[in-house]
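Asker: Dropping a structure here in C-alpha cells format, bear with me for questions.
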Ligand SMILES: *Cc1c(COP(=O)(O)O)cnc(C)c1O
C-alpha cells in the first residue's frame, strides 16, 4: 500500500477485495484448502508460491490482519499468533536456542518477565536482565558472541517506562544484535519503532489493537531491516535448514518472518485463530481514533490525580514532572496512551476503600480496551509478595494501575473524585 498515514491504513490496509468479494475480510473458518493439482500444492510446501494449504501455517482472515499491521508498521511481513505471549515466545525462539543468551529489559510485562526468567532458562537460553535506564556502556557489558537479541517495551506495562530507542538501537547496530520491541501499549499509531531503526516489533493485539476486550492475539512484525547474511551471530540463518529441504533463510527476501513461520509456527501451532483475526481486524479499524481519545483522556485524568491531596504520586509520561516526559515527547509525539499508575496516601485499607467506592471504573485483570478499568496489584496479581518484595518489584503497596478508556473524561474524573472523597 502507498505511503498512507495511520488513520488511512487502519481502515484500508490488509484487505483489498476484488469485484464481487466481501468488503471486509470473511471469516475463513476452514482448516484446509482445496487443490486440484499436486504440483500447485507442492509449490506451496516448497515456499515457491504463497497459496494457503493448512490453517496452522497461514489463513486468509489472519493474513488480512497481518497485512494491516505490517502496513501500519512499515514492515515487510507480519505473523499472527495465538496470544501476545506466544508472539514473544516465537519471536525469541526464531533467533535463540540452547546455549544462547538474550538481553531483556527488567521493566517488562510480568508474563514476559516470567518467560525470560523461568521458562527460557529451562530450554537452555540464559536471560540477562538490564535496567532500561542504564547507560549504553553498562548494557553493552552484558553482550557476548552468544547474545541473540535485546528485548524491550516501548511503554513498559505496568512500570510506564518509556524506551530510549536511540540508545538501544545504537547498541544493536554496533554489535549486530537484533533489537526486538514490544510495542503493545503504544501501537503503531503512537510509535513506529522501525522509524528509529528497530528490527522486530511484537504485539499483544489483545490490548489496544483489538481494543474491545473481545479476542486474544499476538503479532510479530518483521521490519525487514536486519541483515542476517554472513553474520556469524546468526549461524542458523546462514546454514541450510534440513527440516525445510536445505533452505538458507538469510538468502531469502524476508529471512526472519519466513523462518518464524516455516519453523516455529509450523512446530508449535501457536497461530492466531481466524475468528480472533476477524475481531481484531474490525477492532483495529478504529485504532487511530481510539488512541487519540485514550491519550487525551489520560492527559486530563493524570492532571486531575496529580493535583489531588489524597494522591501521593502519579506516573504518566504526559505530566511535565514525569521522569519519561522528554522521551515521550521525542518518541510518542501523538500521545502516550491511556495507561497510568498512581499511589493513594495511606495503606492497604485506603486502597481497598477507594476501589470499592468506584462506580464506573471496574476492577479487571486487563488493560487497554475501550472501558476504563483499574487494578490494585498488591491485593491481586502481586498478592503473594511481601511488602519488601513489592517495593523491589517496583510495585509499592499503594500502587493503582489505571487504564483510561474512551468514555467522557469528565465522567471518569467524577468517578475517581467520588472514590477519593470516600477514602
Ligand atoms: C498483555 C501483554 C502481553 C501478553 O499478551 P497476551 O495477549 O495476554 O498473551 C505482552 N506484552 C505486553 C506489553 C502486554 O501488555
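Residue numbers (our numbering): 225 to 647.
Here a beta-carbon is modelled for each residue, glycine too, at the ideal position from N, C-alpha and C.
Please read all numbers here as calculations on a predicted model, not as lab measurements.
Verify whether the separation of the beta carbon atoms of residue 418 and residue 299 is less than 9 Å.
Answerer: Yes, the pair counts as a contact, with Cβ atoms nearer than the cut-off.
Asker: Return the CA-CA distance between residue 474 and residue 490, expressed in angstroms with no decimal places.
Answerer: Distance between the alpha carbons of residue 474 and residue 490: 19 Å.
Asker: Excluding the 5 residues flanking residue 479 on each side, which residues of the same chain have their C-beta closer than 6 Å to its C-beta?
Answerer: Cβ neighbours of residue 479 beyond the five flanking positions: 452, 461 and 473.
Asker: For the alpha helix (DSSP H) containing residue 496, list its first residue and its last residue.
Answerer: No alpha helix (DSSP H) contains residue 496, which DSSP labels as neither H nor E.
Asker: What does the alpha-carbon distance come out to for the pair residue 350 and residue 359?
Answerer: Taking the straight line from one Cα to the other gives about 22 Å.
Asker: Can you find a heavy atom of ligand 1 that lies under 8 Å from the Cβ of residue 592?
Answerer: Residue 592: yes, Cβ under 8 Å from ligand 1.
Asker: Between which two residues does the beta strand (DSSP E) containing residue 427 stretch?
Answerer: Where residue 427 is concerned, the enclosing beta strand (DSSP E) stretches over 424-428.
Asker: For the segment 508-519 and the segment 626-645, state whether three or more C-beta atom pairs, one from each stretch, are separated by less than 8 Å.
Answerer: Result yes; three or more Cβ-Cβ pairs closer than 8 Å.
Asker: Taking residue 322 as the reference, which of 371, 292 and 286 has the closest Cα?
Answerer: If we check each option's Cα against that of residue 322, 371 comes out closest.
Asker: So is the beta-carbon of residue 335 under 8 Å away from any non-hydrogen atom of ligand 1?
Answerer: Yes, since a heavy atom of ligand 1 falls inside the 8 Å radius drawn around the Cβ of residue 335.
Asker: Between residue 332 and ligand 1, is there a pair consisting of the residue's CB and a ligand heavy atom that are separated by less than 8 Å?
Answerer: Yes - ligand 1 has a heavy atom lying nearer than 8 Å to the Cβ of residue 332.
Asker: With distances taken between CB atoms, is the gap from residue 380 to residue 332 smaller than 9 Å?
Answerer: Yes, the Cβ-Cβ distance between residue 380 and residue 332 is below 9 Å.
Asker: Can you say whether residue 346 is buried or exposed, counting buried as having 16 or more other CB atoms within 10 angstroms of its CB?
Answerer: So residue 346 ends up on the exposed side.
Asker: Hey, how far is the Cα of residue 233 from the Cα of residue 433?
Answerer: So the two alpha carbons sit approximately 13 Å from each other.
Asker: Going by the beta-carbon positions, is the gap between residue 556 and residue 339 smaller than 9 Å?
Answerer: Going by C-beta atoms, residue 556 is not nearer than 9 Å to residue 339.
Asker: CB residue 427 to CB residue 443, shorter than 9 Å?
Answerer: Yes. Within cutoff.
Asker: With a CB to CB cut of under 6 Å and the five nearest residues on each side skipped, what residues in its chain are close to residue 279?
Answerer: Answer for residue 279: 255, listed in chain order.
Asker: Can you tell which of 611, 436, 301 and 581 has its C-alpha closest to the C-alpha of residue 645?
Answerer: The candidate whose alpha carbon is nearest that of residue 645 is 581.
Asker: Can you look up residue 487 in the DSSP assignment and give me helix, strand or coil?
Answerer: Helix.
Asker: Tell me whether the segment 399-407 and the segment 566-585 touch, counting them as touching only if at least three CB pairs, one residue from each stretch, are closer than 8 Å.
Answerer: No: fewer than three Cβ pairs fall under 8 Å.
Asker: If you follow the beta strand (DSSP E) that residue 302 is in, where does it begin and where does it stop?
Answerer: Its beta strand (DSSP E) spans residues 301-305.
Asker: Who pairs with residue 377 in a beta bridge, going by DSSP?
Answerer: DSSP output for residue 377 lists 406 as bridge partner(s).
Asker: Are the CB atoms of residue 412 and residue 297 within a distance shorter than 9 Å?
Answerer: Result yes, Cβ atoms of residue 297 and residue 412 sit closer than 9 Å.
Asker: Where do the N-terminal and C-terminal ends of the alpha helix (DSSP H) with residue 642 fall, by residue?
Answerer: Here the alpha helix (DSSP H) through residue 642 covers 633-646.
Asker: By Cβ distance, which residues of its chain are closer than 6 Å to residue 320, with the 5 residues on each side in sequence left out?
Answerer: The answer, listed in chain order, is 326, 349 and 372.
Asker: Classify residue 285: buried if its beta carbon has 16 or more other beta carbons within 10 angstroms, exposed otherwise.
Answerer: So residue 285 counts as buried.
Asker: Residues in its own chain within less than 8 Å of residue 447 by CB, not counting five upstream and five downstream?
Answerer: Excluding sequence neighbours, residue 447 sits near 297, 298, 299, 300, 417, 418, 422, 423, 424 and 425.
Asker: For my contact list, residue 526 and residue 538 are in at a C-beta cut-off of 8 Å; report their separation, rounded to the angstrom.
Answerer: Indeed, because the Cβ distance is near 6 Å, the residues count as touching under 8 Å.
Asker: Which parts of the segment 574-627 are runs of the alpha helix (DSSP H), unbroken and 4 residues or longer, counting only runs that do not cross its ends?
Answerer: Counting whole runs of 4 or more residues, the segment 574-627 contains the alpha helix (DSSP H) stretches 611-616.
Asker: Across which residues does DSSP place residue 338 in a beta bridge pair?
Answerer: Per DSSP, none; premise fails for residue 338.
Asker: Quick one: is the Cβ of residue 445 within less than 8 Å of any heavy atom of ligand 1?
Answerer: Flag unset: Cβ of residue 445 not near ligand 1.
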